[in-house]
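*Asks:* Sharing a structure here in C-alpha cells format.
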Amino acid sequence: MWIYENVHRALCDALGETRRHAILAEGDHFGRFSSTIAAGRAGISDASYNCFTTAVRADVMIDGRKVAGAAQRRTRRGLLQQGSIQGTDIGNGLAERFAQALSANCCERKVDEEILKLAQKLAQQKYGTESWLRKR
85 MWIYENVHRA LCDALGETRR HAILAEGDHF GRFSSTIAAG RAGISDASYN
135 CFTTAVRADV MIDGRKVAGA AQRRTRRGLL QQGSIQGTDI GNGLAERFAQ
185 ALSANCCERK VDEEILKLAQ KLAQQKYGTE SWLRKR
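This is the structure in C-alpha cells:
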C-alpha cells in the first residue's frame with residue numbers, strides 16, 4: 085500500500101502542474117483497498133466491469149471522480165505496478181513531470197539500438213504470432 089500511495093501521490097503532483105487539483109482517495113469513504121485485491125484474486129472476467137466506476141484508497145481523484153488507478157503484482161524478485169489514467173486532460177510532458185515527482189534524481193537514457201532491434205524481433209516473432217494472441 086505504501087508504494088501504491090507514493091506512486092499516486094507523485095502522479096497527483098504531476099497532474100497538479102496542469103492546473104487540475106488531484107488528490108488521493110481516502111479509506112472507507114471511497115471503498116476498501118482490500119476489496120479490489122479480492123476482486124483481482126477472484127479473476128473478474130465480466131467484460132462490462134469498469135474499475136473506474138469505484139475509487140479505492142489511494143486512487144487519484146479530480147473533482148470527486150476517479151481519474152487514475154493501478155494494480156500491483158509483488159513477488160520475491162520485484163514489484164510490477166501498472167496503471168491507467170482516464171477522463172482528464174494530462175497535458176504535454178506528463179511523463180517527465182511524473183518522473184521528477186517520483187525522484188529528483190532521474191535522467192533520460194536512450195535505448196541502445198541493438199537492444200531495441202532485439203526487442204522488436206522478439207515482439208514480432210513471439211508476441212505477434214496468432215498462437216500467442218489467441219493464448220487466452
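Each residue of the sequence shown is one higher than the one before, starting from 85 at the first, in the working numbering.
Here a beta-carbon is modelled for each residue, glycine too, at the ideal position from N, C-alpha and C.
According to DSSP, is T159 part of a helix, a strand, or is it coil?
*Replies:* In the sequence shown, counting from the first residue as 1, residue 159 sits at position 75. The answer is strand: DSSP assigns T159 an E or B state.
*Asks:* In the structure shown, what three-state DSSP assignment does V151 receive?
*Replies:* Here the question's residue 151 lines up with position 67 in the sequence shown. Strand, per DSSP.
*Asks:* Would you identify the three-state DSSP class for G100, choosing helix, strand or coil?
*Replies:* The sequence position of residue 100 within the sequence shown is 16, counting from 1. DSSP places G100 in helix when its eight states are reduced to three.
*Asks:* Starting from G167, follow its DSSP beta bridges and name the residues at the other end.
*Replies:* Locating residue 167 in the sequence shown gives position 83, where the first residue counts as 1. A154.
*Asks:* Near F182, which residues of its chain fall below 7 angstroms by C-beta distance, leaving aside the five closest residues on each side in sequence?
*Replies:* Within the sequence shown, the letter at position 98 stands for residue 182. Hits under 7 angstroms: A94, L95, A98.
*Asks:* In whole angstroms, give me the CA-to-CA distance for E214 and K201.
*Replies:* Position 130 of the sequence shown, counting from 1, holds the residue named residue 214. Position 117 of the sequence shown, counting from 1, holds the residue named residue 201. Each residue's alpha carbon lies about 21 angstroms from the other.
*Asks:* Tell me which same chain residues have a C-beta within less than 6 angstroms of the C-beta of E89, skipping the five on either side of it?
*Replies:* Within the sequence shown, residue 89 is the residue found at index 5, counting from 1. Only A142 meet the Cβ criterion.
*Asks:* Which residues mark the beginning and the end of the beta strand (DSSP E) in which I107 is found?
*Replies:* Along the sequence shown, read from residue 1 onward, the residue named residue 107 stands at position 23. Start and end: 106-108.
*Asks:* Considering Cα atoms alone, identify which of E192, A179, V144, V140 is closest to Q170.
*Replies:* The residue given as residue 170 occupies position 86 in the sequence shown. When each option's Cα is compared against that of Q170, the closest is V144.
*Asks:* Count the other CB atoms within 10 Å of the CB of V195; is the residue buried (16 or more) or exposed (fewer)?
*Replies:* Looking up residue 195 in the sequence shown gives position 111. It counts as exposed.
*Asks:* What's the gap between the Cα of I146 and the Cα of A154?
*Replies:* Locating residue 146 in the sequence shown gives position 62, counting from the first residue. Locating residue 154 in the sequence shown gives position 70, counting from the first residue. Distance between the alpha carbons of I146 and A154 is about 16 angstroms.
*Asks:* Following the continuous alpha helix (DSSP H) through I199, name the residue where it begins and the one where it ends.
*Replies:* The residue you call residue 199 lines up with position 115 of the sequence shown. From DSSP, the alpha helix (DSSP H) with I199 extends over 197-206.
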